[in-house]
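**Q**
Chains as they are written, first to last, in our numbering: chain A, 28 to 429; chain B, 5 to 407.
Put into structure tokens, the structure is as follows:
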């Protein structure tokens with residue numbers, strides 16, 4: 028192929044990675060574990076022979092690791108193809124409760140307006156099938172309005188699920204999930220907490236929190252894409268299969284992934300022991316970056332700035348720009364950031380999370396998310412500060428929208 | 005003159021960054037590959053113009069989110085290892101193309117949305133995007149040639165070598181400053197070669213079918229317009245024969261175009277060989293007549309754009325296309341002002357249609373064009389001349405000037 032060498036120019040993987048909320052790079056120290064898993068995870072974990080047992084053992088190790096790290100009962104851990112499946116499964120199961128318990132009314136669920144789209148789209152699907160879905164609003168800082176929830180529950184306590192994520196993936200705003208769960212318990216309502224963004228970022232205990240359903244994802248801590256878990260606990264827990272088959276007590280069919288699951292478990296072990304760490308000063312760097320950015324560029328909006336946030340996340344709108352222009356320029360300059368809400372096509376629609384926070388549509392459209400993590404250095408933030416003002420100025424001058 | 009769009013020498017594009025408009029089809033994919041071979045730093049951009057989800061649901065029965073073309077373009081860019089971005093231009097497309105399209109039909113004109121899309125989206129919106137991304141050029145997979153004369157700074161728009169695929173008609177609205185920033189690498193290639201090149205590069209869209217017709221319309225255009233305008237904007241009215249007889253009723257002028265014969269619903273067999281020849285705005289009438297009435301020689305155009313430096317002090321001889329699939333015919337252009345002109349064909353032309361673009365050529369060079377406003381002579385109904393929509397308002401006539 029004559030031109031192949033001209034066309035082949037390797038994708039720039041030296042770019043500074045600032046998209047940890049999308050996914051976290053595989054930690055090198057887990058390479059050894061991956062090698063072990065590839066050697067030992069050959070058999071089908073459902074098989075009775077030695078190869079099968081070996082694979083099963085890998086999964087058991089991972090289950091114990093997740094249970095230990097997140098403080099839950101290993102018995103209640105179910106492995107899934109990822110967090111989206113776990114979220115869909117939680118919504119599905121809660122809705123099936125009415126069928127199980129022969130409750131003679133249509134199913135009713137409450138979901139916050141800032142849930143991950145897997146929750147939103149599942150809710151939308153069920154709504155089209157007659158399920159009543161009500162959204163819990165958020166305030167201007169992106170925090171779920173529990174007064175609204177309380178008032179609602181006091182008038183009508185017949186709900187089958189309340190779903191509120193632990194920390195929002197776009198804004199990083201931490202949600203009052205503990206209050207939500209205790210409120211729900213008072214009324215005997217099942218709860219779902221999507222803890223994908225908080226695992227390893229803020230310490231918490233699944234048992235103490237007490238949500239009926241808790242969602243985890245492996246790749247948000249550096250494991251493989253395609254591995255997630257749903258932890259189901261507490262009184263009156265219901266789990267109705269979404270994927271059918273005999274695996275995992277006939278509740279979640281499909282051959283488990285011994286390699287991906289094991290590696291996830293090992294990463295959690297390393298995080299627990301401190302072998303894998305996030306820079307202690309990450310939040311300081313992030314805060315300094317935001318202050319310097321505001322000083323250097325006029326018209327900067329930091330979403331959820333006054334709320335309690337994850338230490339690694341900045342979600343920033345730049346007046347008079349469209350977010351894709353800024354992102355594309357950053358990509359070309361060697362920075363991997365994100366719009367926070369990419370449609371499958373990759374185009375930018377204004378973030379539903381920001382709109383739910385009452386953010387102006389144009390500002391929402393202009394917003395980009397910068398999320399840091401393990402490999403981030405303060406110099407990465409400095410380098411970003413070196414190019415951002417220039418890009419913003421150029422995009423503002425040449426802006427396509429007027 | 006150098007035709008910078010053709011890979012005559014490797015390295016022509018070194019140090020230059022170009023934005024390629026990637027539709028997801030084979031043409032733009034090959035354009036990107038060729039530019040990459042020439043050494044350009046190539047960035048692929050796909051414009052989301054229209055939400056096809058409604059159409060797709062109907063077609064596939066599923067709830068797909070219509071990203072097939074965007075994904076095809078992404079696969080091509082991944083294959084060529086070039087950055088790829090999707091931009092959301094739906095609002096612009098709605099305002100500049102869809103609203104225009106519906107509006108023209110409601111005024112009983114026959115629009116050409118592709119020309120408008122080139123003017124307003126591909127070569128305006130995308131050039132601004134190119135500025136944002138520090139790209140010197142915008143490239144497309146159009147079959148046309150842009151020849152940059154670096155000595156005079158002038159750009160020339162010419163027909164593609166593959167005349168059967170030529171798309172220069174759709175590009176007449178480009179200004180010099182837009183052409184100066186444009187590359188059309190397929191201008192010298194035959195379509196069959198383009199497919200071969202796509203196969204050579206193993207581009208995943210090598211066998212993809214060419215797109216046809218208007219990209220945002222799936223149903224008949226009549227249904228599309230009807231859905232977007234209340235009845236008050238598209239009233240029914242009389243059908244009148246050229247000899248002045250009331251011979252039927254129509255259900256809104258937007259349903260008809262000049263030269264149409266089918267679907268008139270006329271009872272009287274006497275009129276079964278009649279065609280739509282015009283409309284009369286005064287009483288919202290549709291005028292029908294025998295085929296001979298379709299042939300006209302003189303026409304007024306407005307919103308002209310002149311690409312080539314042309315001396316208009318005398319009538320200019322050229323050939324003209326009155327619609328995209330029209331065989332060019334010889335004519336004389338007399339400028340009325342920079343914006344409008346009188347065009348007189350040597351031979352009468354069939355079905356000159358207001359709202360369509362008229363594009364002028366001197367051999368293979370596009371000298372410019374305009375939008376058909378009306379016939380120069382009003383059609384005569386019932387033996388006496390009455391103002392028809394064609395001449396409801398004459399375009400401004402101003403001082404004669406050259407550009």
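Just so it is clear, CB atoms sit at the ideal spot from N, CA and C, and this is done for glycine as well.
Remember, it's a predicted structure, so these values are computed and weren't measured experimentally.
1) Residue 294 (chain A) and residue 52 (chain A) - do their beta-carbons sit closer together than 8 Å?
2) Whose C-alpha, out of B:282, B:270, B:321, B:94, is nearest the C-alpha of residue 114 (chain B)?
3) If you follow the beta strand (DSSP E) that residue 431 (chain A) is in, where does it begin and where does it stop?
4) If you count every other CB in all the chains shown that lies within 10 Å of the CB of residue 56 (chain B), and 16 or more means buried, which is it?
5) How would you label residue 100 (chain B), buried or exposed, when you count the other beta carbons within 10 angstroms and need 16 or more for buried?
6) Let me see if you follow: with CB-CB separation under 8 Å, is residue 442 (chain A) close to chain B or not?
7) If you measure from the beta carbon of residue 137 (chain B) to each beta carbon in chain A, is any gap under 8 Å?
8) Output needed for residue 62 (chain B): all residues of its chain with C-beta closer than 6 Å, excluding positions within five of it in sequence on either side, in chain order.
9) Please list the partners that residue 87 (chain B) has in chain A, where partner means a Cβ-to-Cβ separation under 7 Å.
10) Do you know how far the Cα of residue 75 (chain B) is from the Cα of residue 66 (chain B)?
11) Compare the C-beta of residue 91 (chain B) with all C-beta atoms of chain A and state if any pair is closer than 8 Å.
12) Whose CA, out of B:111, B:308, B:349, B:330, lies closest to the CA of residue 321 (chain B)?
13) Taking the alpha-carbon of residue 347 (chain B) as reference, which of B:373, B:331, B:329, B:367 has the nearest alpha-carbon?
14) Note down, in chain order, every chain B residue with its Cβ under 7 Å from the Cβ of residue 380 (chain A).
15) For chain B, is any of its Cβ atoms less than 8 Å away from the one on residue 41 (chain A)?
16) Taking the alpha helix (DSSP H) that residue 41 (chain B) belongs to, which residues open and close that run?
17) Below 8 Å between beta carbons: does that hold for residue 203 (chain A) and residue 180 (chain A)?
18) Mark residue 69 (chain A) as exposed unless 16 or more other C-beta atoms lie within 10 angstroms of its C-beta, in which case mark it buried.
19) Taking just the CA atoms, how far does residue 328 (chain A) sit from residue 298 (chain A)?
20) Excluding the five sequence neighbours on either side, which residues of its own chain have a C-beta within less than 8 Å of the C-beta of residue 250 (chain B), listed in chain order?
21) Taking 8 Å as the cut-off, does the region 315-331 of chain A touch the region 380-390 of chain A (at least 3 CB pairs, one atom from each stretch)?
22) Return helix, strand or coil for residue 372 (chain A), following the three-state DSSP convention.
23) What did DSSP end up calling residue 304 (chain B) once you bin it into helix, strand or coil?
24) Could you tell me which residues DSSP puts in a beta bridge with residue 353 (chain B)?
25) Between which two residues does the alpha helix (DSSP H) containing residue 121 (chain B) stretch?
26) Where residue 70 (chain B) and residue 227 (chain B) are concerned, what is the direct C-alpha to C-alpha distance, given to the nearest angstrom?
27) If you compare alpha carbons, which of A:168, A:186, A:209, A:82 is closest to residue 234 (chain A)?
28) What are the boundary residues of the alpha helix (DSSP H) that residue 251 (chain B) is part of?
29) Exposed or buried, what is residue 131 (chain A) when buried is set at 16 or more other beta-carbons lying within 10 Å of its beta-carbon?
30) Looking at the secondary structure, which residues open and close the alpha helix (DSSP H) in which residue 116 (chain A) lies?
31) Could you give the DSSP three-state label for residue 248 (chain A): helix, strand or coil?
32) Comparing the CB of residue 79 (chain B) with every heavy atom of the ligand PLP, is any distance shorter than 7 Å?
33) Using the rule of at least 16 other Cβ atoms within 10 Å of the residue's Cβ for burial, across every protein chain shown, is residue 392 (chain A) buried or exposed?
34) Please list, in chain order, the chain B residues whose beta carbon lies closer than 7 Å to that of residue 422 (chain A).
35) Establish whether the CB of residue 221 (chain A) and some CB of chain B are separated by less than 8 Å.
**A** Answer, in terms of the structure:
1) Result no, Cβ atoms of residue 52 (chain A) and residue 294 (chain A) do not sit closer than 8 Å.
2) Residue 114 (chain B) has its Cα closest to that of B:282, out of B:282, B:270, B:321, B:94.
3) Since the first residue of chain A shown is 28 and the last is 429, residue 431 (chain A) is not available in this structure.
4) By the 16-neighbour rule on beta-carbons within 10 angstroms, residue 56 (chain B) is buried.
5) Residue 100 (chain B) comes out buried.
6) A query on residue 442 (chain A) cannot be resolved here, the shown segment of chain A reaching from 28 to 429 and no further.
7) Judged by the 8 Å Cβ criterion, residue 137 (chain B) is in contact with chain A.
8) Confidence in residue 62 (chain B) is poor, its pLDDT being 48 and thus under 50, which makes the residue's placement unreliable; the coordinate value appears in the next sentence. Within the same chain, residue 62 (chain B) has no close Cβ partners at all.
9) Under the 7 Å cutoff, chain A gives 358, 359.
10) In this prediction, residue 66 (chain B) has a pLDDT of 35, which is less than 50 and means its spatial position is unreliable; nothing more can be read from the coordinates.
11) With 8 Å as the cut-off, residue 91 (chain B) counts as an interface residue toward chain A.
12) It is B:349 whose Cα lies nearest to the Cα of residue 321 (chain B).
13) The option with the nearest alpha carbon to residue 347 (chain B) is B:373.
14) Near residue 380 (chain A) there are no residues of chain B at all, since even the closest Cβ is about 17 Å away, more than 7 Å.
15) Residue 41 (chain A) does not count as touching chain B.
16) For residue 41 (chain B), the uninterrupted alpha helix (DSSP H) segment begins and ends at 30-41.
17) Contact: no.
18) So residue 69 (chain A) ends up on the exposed side.
19) A direct Cα-Cα distance of roughly 33 Å separates residue 298 (chain A) from residue 328 (chain A).
20) Residues 242, 243, 244 of the same chain have their beta carbon placed closer than 8 Å to that of residue 250 (chain B), with the five preceding and five following residues left out of the count.
21) With the cut-off at 8 Å, the region 380-390 of chain A and the region 315-331 of chain A touch.
22) Here residue 372 (chain A) scores only 46 on pLDDT, less than 50, and its place in the model is too uncertain to base an answer on.
23) Of the three classes helix, strand and coil, the one that applies to residue 304 (chain B) here is strand, per DSSP.
24) B:300, per the DSSP bridge assignment.
25) In the DSSP assignment, residue 121 (chain B) falls within the alpha helix (DSSP H) that extends over 117-121.
26) Legend: pLDDT at residue 70 (chain B) = 48, less than 50; position of this residue unreliable, value from coordinates given subsequently. Each residue's Cα considered, the two are about 21 Å apart.
27) Ranking A:168, A:186, A:209, A:82 by Cα distance to residue 234 (chain A) puts A:209 first.
28) Counting along the chain, residue 251 (chain B) sits inside no alpha helix (DSSP H); it lies in the beta strand (DSSP E) bounded by residues 250-254.
29) Counting Cβ neighbours within 10 Å, residue 131 (chain A) comes out exposed, since fewer than 16 surround it.
30) Looking at the DSSP string, the run of the alpha helix (DSSP H) that includes residue 116 (chain A) is 110-127.
31) In the three-state DSSP reduction, residue 248 (chain A) falls in the helix class (H, G or I).
32) This structure does not include the ligand PLP; it has no bound ligands of any sort.
33) With 16 or more Cβ atoms within 10 Å of its Cβ, residue 392 (chain A) is classed as buried.
34) Going along chain B in sequence order, the residues near residue 422 (chain A) (Cβ under 7 Å) are 136.
35) Answer no: the Cβ-Cβ gap between residue 221 (chain A) and chain B never drops below 8 Å.
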